[in-house]
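Number of protein chains: 2
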Amino acid sequence: MKKCSAKELKILGDFWTLTIIQELSEGNKRFSELERVISGISPTTLANRLKKLEINNLIKREKEKIDKLSIIYSLTNKGHGILPVLSQIRVFADKYL
Amino acid sequence: MKKCSAKELKILGDFWTLTIIQELSEGNKRFSELERVISGISPTTLANRLKKLEINNLIKREKEKIDKLSIIYSLTNKGHGILPVLSQIRVFADKYL
DNA sequence: ATAATTACTACAGAATATATAGTACTACAG
DNA sequence: CTGTAGTACTATATATTCTGTAGTAATTAT
Chain D
41 MKKCSAKELK ILGDFWTLTI IQELSEGNKR FSELERVISG ISPTTLANRL KKLEINNLIK
101 REKEKIDKLS IIYSLTNKGH GILPVLSQIR VFADKYL
Chain V
41 MKKCSAKELK ILGDFWTLTI IQELSEGNKR FSELERVISG ISPTTLANRL KKLEINNLIK
101 REKEKIDKLS IIYSLTNKGH GILPVLSQIR VFADKYL
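Protein sequences, first through last, are from chains D and V. Each residue of the first sequence is one higher than the one before, counting from 41 in the numbering used here. Each residue of the second sequence is one higher than the one before, counting from 41 in the numbering used here.
Next up, the structure:
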């Protein structure tokens with residue numbers, strides 16, 4: 041098997057990051073929704089992770105036009121590309137955990 | 041898609057862990073070999089990760105009988121189960137990075 | 001006997017993560 | 001308007017984790 045580089049592995053090397061991607065795969069969400077749905081995450085951590093995900097172009101951050109306050113987060117194409125990785129983790133988990 | 045639990049995601053939520061598994065998938069190795077082959081890892085970190093991997097039953101730690109000093113690390117069946125996850129990361133990386 | 005190698009561990013400082021509290025803004029009720 | 005509640009965060013201090021460096025104890029090689 042061809043090896044994954046450090047840079048490649050580092051994208052996934054974070055628990056919250058995977059959790060956020062997983063949640064957004066079920067539908068776009070606002071900051072507060074993510075806060076509610078991801079139990080145990082602090083606003084600081086959530087904000088930091090969202091920032092990194094945006095920088096890496098895995099998620100998109102957009103203001104809703106109707107409501108001046110709401111900002112919705114959604115997966116980019118690249119972000120969707122992570123989903124097969126998550127389903128392989130599932131396969132692993134079902135078999136061994 | 042069925043979601044991965046926190047416990048499941050945490051197994052992979054670490055860069056060095058994935059790197060070690062990747063190296064061991066190419067053949068069993070000793071501590072010093074891993075140290076050489078994984079550039080940038082400190083002995084402290086390597087020892088800690090190996091310990092965690094052993095506790096989680098992803099790798100096996102065995103004394104070689106011929107040589108009283110050498111200890112070889114190898115993947116368990118469960119450890120091999122991670123490899124499809126790594127190849128999905130590769131697929132992602134090839135496409136988007 | 002001496003040097004090198006093995007598999008680590010101890011310790012301290014650096015980097016990172018997190019909780020708590022708070023800010024600035026909007027929305028809506030009375 | 002005035003007050004209460006909700007939004008999307010940020011500031012700060014602390015807690016936790018990571019990492020580098022040095023060193024140990026036990027082989028093995030010369």
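The beta carbon of each residue, even a glycine, is placed where N, CA and C say it ideally should be.
**Message:** Between residue 130 (chain V) and chain D, is the shortest Cβ-Cβ distance under 7 Å, so that the two count as touching?
**Reply:** Locating residue 130 (chain V) in the second sequence gives position 90, where the first residue counts as 1. Yes, its Cβ sits closer than 7 Å to a Cβ of chain D.
**Request:** Go to residue 118 (chain V), then tell me how far its beta strand (DSSP E) extends in each direction, as first and last residue.
**Result:** Counted from its first residue, the second sequence places residue 118 (chain V) at position 78. Note, residue 118 (chain V): premise wrong, no beta strand (DSSP E); alpha helix (DSSP H) at 117-120.
**Item:** Given residue 86 (chain V) as reference, the closest of V:127, V:73, V:115 once Cα atoms are compared
**Value:** The residue given as residue 86 (chain V) occupies position 46 in the second sequence. Among V:127, V:73, V:115, the Cα nearest to that of residue 86 (chain V) is on V:73.
**Request:** Pick helix, strand or coil for residue 78 (chain D), following the three-state DSSP scheme.
**Result:** The residue you call residue 78 (chain D) lines up with position 38 of the first sequence. Note: residue 78 (chain D) maps to coil in three-state DSSP.
**Asked** Start and end of the beta strand (DSSP E) containing residue 106 (chain V)?
**Response** To locate residue 106 (chain V), count along the second sequence from 1; it is residue 66. Counting along the chain, residue 106 (chain V) falls outside any beta strand (DSSP E), and DSSP gives it neither H nor E.
**Run of the alpha helix (DSSP H) containing residue 127 (chain D), from where it starts to where it stops** = Reading the first sequence from its first residue, position 87 is the one you call residue 127 (chain D). Where residue 127 (chain D) is concerned, the enclosing alpha helix (DSSP H) stretches over 123-136.
**Request:** Select from the stretch 113-128 of chain V all residues with a C-beta closer than 9 Å to any C-beta belonging to chain D, and list them in chain order.
**Result:** 117, 118, 121, 122, 123, 124, 125, 126, 127, 128
**Message:** Against chain V, does residue 92 (chain D) count as a neighbour if the rule is that its beta carbon must be under 7 Å from one of theirs?
**Reply:** Within the first sequence, the letter at position 52 stands for residue 92 (chain D). Chain V, which has no Cβ nearer than 7 Å to the Cβ of residue 92 (chain D), makes this no.
**Three-pair Cβ contact test at 8 Å for the stretch 75-85 of chain V versus the stretch 110-124 of chain V** = no
**Request:** Please check if any C-beta of chain V sits within less than 7 Å of the C-beta of residue 100 (chain D).
**Result:** Within the first sequence, numbered from 1, the residue matching residue 100 (chain D) stands at position 60. Taking Cβ atoms only, chain V never reaches closer than 7 Å to residue 100 (chain D), which makes this a no.
**Asked** Opposite residue 101 (chain D) in the DSSP bridges: which residues?
**Response** By one-based count along the first sequence, residue 101 (chain D) stands at place 61. DSSP lists D:113 as partners of residue 101 (chain D).
**Request:** Could you say which of V:88, V:79, V:98 lies nearest to residue 68 (chain V) if we only look at CA atoms?
**Result:** Here residue 68 (chain V) refers to the residue found at position 28 of the second sequence. Per the Cα distances, V:98.
**Asked** Whose CA, out of V:115, V:131, V:92, lies closest to the CA of residue 54 (chain V)?
**Response** Start at 1 with the first residue of the second sequence, and residue 54 (chain V) comes out as number 14. Checked all of V:115, V:131, V:92; the closest Cα to residue 54 (chain V) is V:92.
**Asked** Counting along the chain, where does the alpha helix (DSSP H) carrying residue 66 (chain D) start and finish?
**Response** On the first sequence, residue 66 (chain D) is found 26 positions in, with the first residue counted as 1. Premise fails: residue 66 (chain D) is in no alpha helix (DSSP H) and is neither H nor E.
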